[in-house]
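Numbering (the numbering used here), first residue to last: 14 to 322.
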C-alpha cells in the first residue's frame, strides 16, 4: 500500500521527488518510525502504551532542567532518558505486577505527564540545550537530530537493531510467546511479568529519545499536550498500518517503519497537492482503516482460511 501511494504522488505531483520535498518528509517520517518501533514491542504483547506522546513531550524539559542545574549536556541527556525509562518501568509494573489494564495505566500516565510538563515548564517554550537562537549547535546536538539526516540515520539504525532483537533474539521470542498465549508462555518457564515490564521500559525510552531528537531539530520545545496526543496516535497508527496486531502475538519493527513512511508520504503528498488541513486527519483515518482491512485479508489468505473464516 505504501508503494501504491508513493507511485500515485510521483505520477500526479510533478515536484514530489524534489530535494526540498524529501527534506520536509524526513522530519515527519523519522520520529514516528522510532516511536512506532518501540511501541511494536508493547503491542506484540497484546498491550498498548498511550503515554508515549507525553514521554516525548516531557523528556526535553527534564533535559533542560537538569542541564540548567549545572549538569553537562551528555550526562543531562542520559538522566533524561533514564527518566523516560522510569516512566516505562512504572507502566510495566502496574500492568504486569498489579494487573491493571495497560490502556488505563498509560492513559493515566499520559495525562499526568502532560500536566507535569506544563507545571515544570510554567507553560513556557524553552530553547533546546546545546542550541542557540542563532541556530548554531554543539557537536552533541548535531548528532542528536541537529543535522538534516541525523534523525533518519538514527531511525534506520534503531529499526534494524530492534527488528533483529524481535525476530532473532530470545527477547523477541519471549515477547511473541507472551503475546500469543501468556499462560502457555508462563508454563514454559517464561517470566511473563518481566518480559512485559522491560518492553514498556524499551517503548518509553525510545519515546523520550525521539523527544530529544525533535527538540534539537526544531531548536525548541513547546509544552503542548495536543502535539503529544497527536504523535502518540500516529505512532500507533504506523504500527497498525505496518501489520502489528493489537490483540498481540504478531508484528514487525520493519512493518512499523513502512507504516511511518506511508504516513509521511501521504501527509507530504496531500500538502503538495494543496489539500486543506481540515481533510488531512480524515484521509489518515481512512488510511488506517483500509490498511487494517488489507492486513486482515492478507493474513487470512496466508493461513488458507479465506474471507469467510
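Note that beta-carbon positions come from the ideal geometry of N, C-alpha and C, so glycine has one too.
If you draw a straight line from the Cα of residue 63 to the Cα of residue 103, it comes to about 13 Å. If you draw a straight line from the Cα of residue 229 to the Cα of residue 121, it comes to about 28 Å. Assigned with DSSP and collapsed to three states, residue 108 falls in helix.
At the C-beta level, residue 22 and residue 274 stay beyond 8 Å of one another. Cβ-Cβ separation between residue 262 and residue 193: approximately 4 Å, consistent with a contact (criterion under 8 Å). Beta-bridge pairing by DSSP links residue 180 to no other residue.
Listed in chain order, the non-local C-beta contacts of residue 221 below 6 Å within the same chain comprise 68, 72, 94, 97, local neighbours out to five positions each way being set aside.
The Cβ-Cβ distance between residue 142 and residue 99 does not fall below 8 Å. Taking residue 188 as the centre and dropping the five residues before and after it, the same chain places the C-beta of 54, 57, 58, 179, 208, 212 closer than 7 Å to its C-beta, in chain order. Straight-line measurement puts the Cα of residue 195 at about 24 Å from the Cα of residue 65. The residues 53, 176, 179, 180, 255, 256, 257, in chain order, have a CB closer than 8 Å to that of residue 265 in the same chain once the five nearest residues on each side in sequence are set aside.
For residue 236, the closest C-alpha among the options 61, 51, 74, 17 is that of 74.
Leaving aside the five residues that flank residue 105 on each side, the residues in its chain whose CB is nearer than 8 Å to its CB run, in chain order, 209, 210, 211, 212, 213, 214. Put simply, of 197, 60, 45 the residue whose alpha carbon is nearest the alpha carbon of residue 224 is 45.
By the criterion of a C-beta distance shorter than 6 Å, residue 238 is surrounded in its chain by 127, once the five residues flanking it on both sides are discounted.
A distance below 7 Å between beta-carbons, with the five flanking residues on each side excluded, links residue 260 to the following residues of its chain, in chain order: 59. Cβ atoms of residue 101 and residue 216 come within 8 Å of each other, at about 6 Å. Counting along the chain, the unbroken alpha helix (DSSP H) around residue 271 starts and ends at 266–285. The three-state reading of DSSP puts residue 233 in strand, counting E and B together. Out of 137, 115, 277, the CA that lies nearest to the CA of residue 244 is found in 277. Counting C-beta atoms within 10 angstroms of its own C-beta, residue 304 has 16 or more neighbours from the protein chains shown and is therefore classed as buried.
Ranked by Cα distance from residue 87, the options 118, 154, 61 are led by 154.
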